[in-house]
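Comments concern the structure below.
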Amino acid sequence: MAEAANHRGNVVVIGGGVAGSLLAKSLQFDSNIVLIDPKEYFDIPWTDLRSMVEPTLAEKTLIKHSEYFSNGTIVNSRAIDITATEVLTEEGGVVPYDYLVVATGHDVHLPRNKTDRLGQFKQDYEKIKSSSSILIIGGGRTGVELAGEIVTVFPDKKVTLVHKGERLLEFIGLKASTKALKWLKSKKVEVLLGQTVDLDSVSERSREFKTSAGTTVSADCYFVCIGKPLSSAWLRDTILKDSLDEHGRVKVDDKLRVRGQDKIFAIGDITDVKEFKLGYLAQKHATLVAKNIKLLLKGEKESSLAPYKPGSAMTFVSLGRKSGVGQLPFMTVSGCFPAMFKSKDLFIGWTRKLMGVDP
Ligand SMILES: Cc1cc2nc3c(=O)[nH]c(=O)nc-3n(C[C@H](O)[C@H](O)[C@H](O)COP(=O)(O)OP(=O)(O)OC[C@H]3O[C@@H](n4cnc5c(N)ncnc54)[C@H](O)[C@@H]3O)c2cc1C
1 MAEAANHRGN VVVIGGGVAG SLLAKSLQFD SNIVLIDPKE YFDIPWTDLR
51 SMVEPTLAEK TLIKHSEYFS NGTIVNSRAI DITATEVLTE EGGVVPYDYL
101 VVATGHDVHL PRNKTDRLGQ FKQDYEKIKS SSSILIIGGG RTGVELAGEI
151 VTVFPDKKVT LVHKGERLLE FIGLKASTKA LKWLKSKKVE VLLGQTVDLD
201 SVSERSREFK TSAGTTVSAD CYFVCIGKPL SSAWLRDTIL KDSLDEHGRV
251 KVDDKLRVRG QDKIFAIGDI TDVKEFKLGY LAQKHATLVA KNIKLLLKGE
301 KESSLAPYKP GSAMTFVSLG RKSGVGQLPF MTVSGCFPAM FKSKDLFIGW
351 TRKLMGVDP
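For the sequence shown, the UniProt record's numbering begins at 1 and goes up steadily by one.
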């Protein structure tokens, strides 16, 4: 523990997503803090699919970093290297740290400006609105939720969902995925399981899509909804190169410190914590690490740091606005309960309140 008591300390947070933005907000009055993120805003990821069919919603779901983080420095760039004392950015910046938090989650190359991101949602909306038939490739959380949003707002569109697995939503129980399939079929979504579409063979001009099973799907437009890679490949050239597991996740100890490092923490989806990868758990990581860094900055002993307890296996998938499926530790729920919990407002009010911005 190198910090003198009550030294404000330089804290650097890499990644302004669900975890990093909350951490930056929580520590801004206790440290000299720098938030490094390529975007000027925090995007609530699970609301993006609804913003594609209701683009005005995005005004509330894209929160500029400056709205919740007024007492720190924002560096709009991508981190490309970490040394024992500094972070290097793509634009040539060198940012020194006493404590570092890696929160780079998933590699989503979104526009730098909020206005351009709003423009993307409007384009998606126009594309959906002007199409009679839509193909969704991927039947995980993103594909299923997007299908649910489209059929809710545009019930007359012909939606086809192609998924390579034998069931939708393989990360949750069979009962929940069967219920999601039943709901989609009740909305006339055609679901093709156990099939893939070769992404190299399609372009924006494609109107016919051949699946691996030989089925031809006609669609005026398509959306690729396959899992986004973690943003950890860049760590392979840093001092954390030996801290990645075989999936590219950062190995952390029970205090969420990168294994073998006493001044570097990792939080959110990028970590190897054995639990569902979820935003509310990423926020739990952020809250715990903020608390532990405050203790370290006050010169408290290592033994006073709080340990992290992995979250319970609970997750919800929305199906439009009035339905959903949910996986709880010992049971599956469907219908209006998950809808009340998630689908209705997608936790937008709650998240804005957590970030301290107007509801
Ligand atoms: C369709 C869908 C629905 C979901 N529904 C829910 C739900 O209902 N409830 C729930 O709790 N969770 C849900 N999730 C999961 C949730 O979105 C993730 O768990 C959460 O976003 C993880 O947060 P994170 O901060 O770790 O990463 P992210 O939110 O991915 O943020 C990572 C940030 O790091 C930045 N970044 C990346 N690389 C670099 C770099 N090199 N330098 C600087 N910055 C970088 C990115 O710009 C981004 O801002 C859902 C996800 C999806 C896709």
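Where a beta carbon is used, it is the ideal one built from N, C-alpha and C, also for glycine.
Remember, it's a predicted structure, so these values are computed and weren't measured experimentally.
Near ligand 1: residue i beta-carbon under 7 Å from a heavy atom
i, result
"residue 234", "yes"
"residue 244", "no"
"residue 226", "no"
"residue 79", "yes"
"residue 350", "no"
"residue 64", "no"
"residue 229", "no"
"residue 205", "no"
"residue 35", "no"
"residue 38", "yes"
"residue 264", "no"
"residue 353", "no"
"residue 45", "yes"
"residue 278", "yes"
"residue 145", "yes"
"residue 316", "yes"
Status (buried if at least 16 other CB within 10 Å, exposed otherwise) for residue i
i, result
"residue 46", "buried"
"residue 149", "buried"
"residue 225", "buried"
"residue 229", "exposed"
"residue 331", "exposed"
"residue 360", "The chain is shown only over 1 to 359; residue 360 falls outside these bounds and no answer can be derived."
"residue 257", "buried"
"residue 241", "exposed"
"residue 309", "exposed"
"residue 115", "exposed"
"residue 25", "buried"
"residue 213", "exposed"
"residue 95", "buried"
"residue 141", "buried"
"residue 338", "buried"
"residue 37", "buried"
"residue 349", "exposed"
"residue 356", "exposed"
C-alpha gap between residue i and residue j, whole angstroms
i, j, result
"residue 284", "residue 188", "38 Å"
"residue 204", "residue 49", "19 Å"
"residue 198", "residue 233", "24 Å"
"residue 163", "residue 97", "44 Å"
"residue 144", "residue 156", "17 Å"
"residue 354", "residue 328", "24 Å"
"residue 55", "residue 131", "17 Å"
"residue 301", "residue 105", "29 Å"
"residue 69", "residue 250", "26 Å"
"residue 291", "residue 113", "31 Å"
"residue 269", "residue 243", "15 Å"
"residue 169", "residue 139", "6 Å"
"residue 313", "residue 275", "7 Å"
"residue 71", "residue 35", "11 Å"
"residue 1", "residue 27", "Bear in mind that a pLDDT of 38 at residue 1, under 50, signals an unreliable position, so the number given afterwards is only what the model happens to contain. C-alpha separation (whole angstroms): 19 Å."
"residue 287", "residue 322", "31 Å"
"residue 74", "residue 41", "10 Å"
"residue 211", "residue 202", "11 Å"
"residue 17", "residue 61", "12 Å"
Close beta carbons around residue i, own chain, < 8 Å, minus the five adjacent residues each side
i, result
"residue 101", "11, 12, 13, 14, 20, 23, 264, 265, 266, 267, 289, 293"
"residue 253", "259"
"residue 172", "315, 317, 325, 327, 332"
"residue 5", "At residue 5 the pLDDT is 44, less than 50, meaning the model places this residue with poor confidence; the figure from the coordinates comes in the next sentence. Excluding positions up to five away in sequence, the list reads 298, 299."
"residue 146", "49, 52, 136, 223, 225"
Contacting residues, own chain, Cβ-Cβ under 6 Å from residue i (five flanking each side not counted)
i, result
"residue 217", "135, 160, 209"
"residue 165", "none"
"residue 91", "77"
"residue 8", "31, 32"
"residue 179", "325, 334"
"residue 190", "160"
"residue 176", "325, 327, 332"
"residue 273", "310"
Own chain residues within Cβ distance below 7 Å of residue i, not counting five before or after
i, result
"residue 110", "39, 43, 117"
"residue 239", "82, 83, 84"
Short CB-CB distance (under 8 Å) between residue i and chain B
i, result
"residue 263", "Any reference to chain B falls outside this structure, which holds one protein chain only."
Quick test of the definition: if touching needs 3 or more C-beta pairs under 8 Å, does the region 28 to 36 touch the region 124 to 141?
no
The region 166 to 184 in contact with the region 86 to 95 per 3-pair CB rule at 8 Å:
no
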